[in-house]
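Residue numbers (our numbering), protein chains in the order written: chain S, 93 to 206; chain V, 10 to 123.
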Amino acid sequence: AQSVSQHNHHVILSEAASLELGCNYSYGGTVNLFWYVQYPGQHLQLLLKYFSGDPLVKGIKGFEAEFIKSKFSFNLRKPSVQWSDTAEYFCAVRYGGSQGNLIFGKGTKLSVKP
Amino acid sequence: DSGVTQTPKHLITATGQRVTLRCSPRSGDLSVYWYQQSLDQGLQFLIQYYNGEERAKGNILERFSAQQFPDLHSELNLSSLELGDSALYFCASSANTGDQETQYFGPGTRLLVL
Numbered sequence: 093a094q095s096v097s098q099h100n101h102h103v104i105l106s107e108a109a110s111l112e113l114g115c116n117y118s119y120g121g122t123v124n125l126f127w128y129v130q131y132p133g134q135h136l137q138l139l140l141k142y143f144s145g146d147p148l149v150k151g152i153k154g155f156e157a158e159f160i161k162s163k164f165s166f167n168l169r170k171p172s173v174q175w176s177d178t179a180e181y182f183c184a185v186r187y188g189g190s191q192g193n194l195i196f197g198k199g200t201k202l203s204v205k206p
Numbered sequence: 010d011s012g013v014t015q016t017p018k019h020l021i022t023a024t025g026q027r028v029t030l031r032c033s034p035r036s037g038d039l040s041v042y043w044y045q046q047s048l049d050q051g052l053q054f055l056i057q058y059y060n061g062e063e064r065a066k067g068n069i070l071e072r073f074s075a076q077q078f079p080d081l082h083s084e085l086n087l088s089s090l091e092l093g094d095s096a097l098y099f100c101a102s103s104a105n106t107g108d109q110e111t112q113y114f115g116p117g118t119r120l121l122v123l
């Protein structure tokens with residue numbers, strides 16, 4: 093079955109620490125990959141996306157993600173987090189051949205201590 | 010602001026009742042998706058419409074239905090409501106359907122069933 097796993101439920105970091113959030117999807121083939129962020133009380137905002145080409149993609153607010161096809165992974169990274177990055181982060185996958193709906197991971201809550 | 014609007018923001022109703030949630034996609038977008046976000050199930054795809062026609066169905070209950078109108082706005086109808094239907098309902102839109110499309114999310118409607 094198509095599924096997306098986010099390994100960490102809750103991550104707590106201090107400001108300036110580096111961040112890596114894991115995301116794995118269930119099988120290969122053509123995929124479109126996304127990371128969305130949901131700030132407290134707000135809607136989902138697109139951080140970055142991968143469709144094809146360079147597997148290292150850069151997004152907004154200093155975030156980047158690397159697509160590793162052999163590991164079915166699309167981990168999100170940021171070298172130095174800020175208090176304002178406190179939010180919930182969702183990895184989403186569109187599997188090739190689908191009409192377009194996304195399959196989301198359960199989300200990772202990030203808390204950044206000032 | 011993603012350009013996707015949803016009304017109402019909040020809805021409180023009783024078990025057994027019926028409600029209608031409304032979504033207006035970004036200008037020019039033909040595809041509308043409905044998702045349900047709950048604490049136990051996470052973000053789950055419900056249904057997709059493309060240019061007025063149903064394109065894909067996810068984990069949508071038979072008590073729920075949707076439609077997309079000629080002006081491309083969409084409505085999600087939830088009937089015979091149960092306590093477990095309490096959730097955040099998001100609408101997303103994209104220009105087309107299929108691969109390499111980015112979905113932009115609305116602010117959501119928070120439904121509380123008492």
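Where is the CB? At the ideal position from N, CA and C, for every residue including glycine. What you are looking at is a predicted structure, and each value in this text was computed from that prediction instead of being measured.
Using 8 Å as the limit for Cβ to Cβ distance, is residue i near chain V?
i: S/T122; result: yes
i: S/F166; result: no
i: S/G188; result: yes
i: S/H102; result: no
i: S/H135; result: yes
i: S/N116; result: no
Determine whether the Cβ of residue i lies closer than 8 Å to any Cβ atom of chain S.
i: V/P34; result: no
i: V/A65; result: yes
i: V/L52; result: yes
i: V/Q109; result: yes
i: V/G12; result: no
i: V/P116; result: yes
i: V/T16; result: no
i: V/Q112; result: yes
i: V/F99; result: yes
i: V/Q45; result: no
i: V/Y42; result: yes
Got a sec? Which residues, its chain only, sit under 6 Å from residue i by beta carbon, not counting five neighbours each side?
i: S/L194; result: A184 and R186
i: V/I69; result: L55 and I56
i: S/G199; result: E180 and F182
i: S/S172; result: A108
i: S/F126; result: K141 and A184
i: S/K201; result: H102 and E180
i: V/Q53; result: Q45 and N68
i: S/H99; result: G114
i: S/I160; result: none
Output the distance between the C-alpha atoms of residue i and residue j, rounded to the nearest integer angstrom.
i: S/V204; j: V/F78; result: 43 Å
i: S/Y142; j: V/A23; result: 42 Å
i: S/G151; j: S/Q130; result: 15 Å
i: S/N124; j: S/A93; result: 17 Å
i: V/E71; j: V/L97; result: 18 Å
i: V/T111; j: V/S103; result: 6 Å
i: S/D177; j: S/F166; result: 19 Å
i: V/V13; j: S/G133; result: 16 Å
i: V/G93; j: V/W43; result: 17 Å
Identify the residues that DSSP records as bridge partners of residue i: which are they?
i: S/F126; result: S/K141 and S/A184
i: S/I152; result: None, per the DSSP bridge assignment.
i: V/L87; result: V/V28 and V/F73
i: S/K201; result: S/H102 and S/E180
i: V/V4; result: Nothing about residue 4 of chain V can be reported from this structure: the residues present for chain V run from 10 to 123 only.
Please work out which residues of its chain come closer than 7 Å, Cβ to Cβ, to residue i, disregarding the five sequence neighbours upstream and downstream, and give them in chain order.
i: S/Y128; result: L136, Q137, L138, L139, F182 and A184
i: S/P206; result: E107 and W175
Give every residue of the same chain whose Cβ lies closer than 8 Å to the Cβ of residue i, excluding the five residues on either side of it in the sequence, and list them in chain order.
i: V/R64; result: S40, Q57, Y58 and T106
i: S/G192; result: R186
i: V/G8; result: Here chain V has residues from 10 to 123 only, and residue 8 of chain V is not among them.
i: V/L20; result: V28, L30, T118, R119, L120 and L121
i: S/S110; result: R169, K170, P171, S172 and V173
query: Taking one C-beta from the region 26-40 of chain V and one from the region 63-83 of chain V each time, how about it: are there three or more such pairs within less than 8 Å?
result: As far as the Cβ criterion goes, the region 26-40 of chain V touches the region 63-83 of chain V, which means the pair count is three or higher.
task: Please confirm if the region 142-155 of chain S is in contact with the region 48-65 of chain V, defined as three or more CB-CB distances below 8 Å between the two stretches.
output: no
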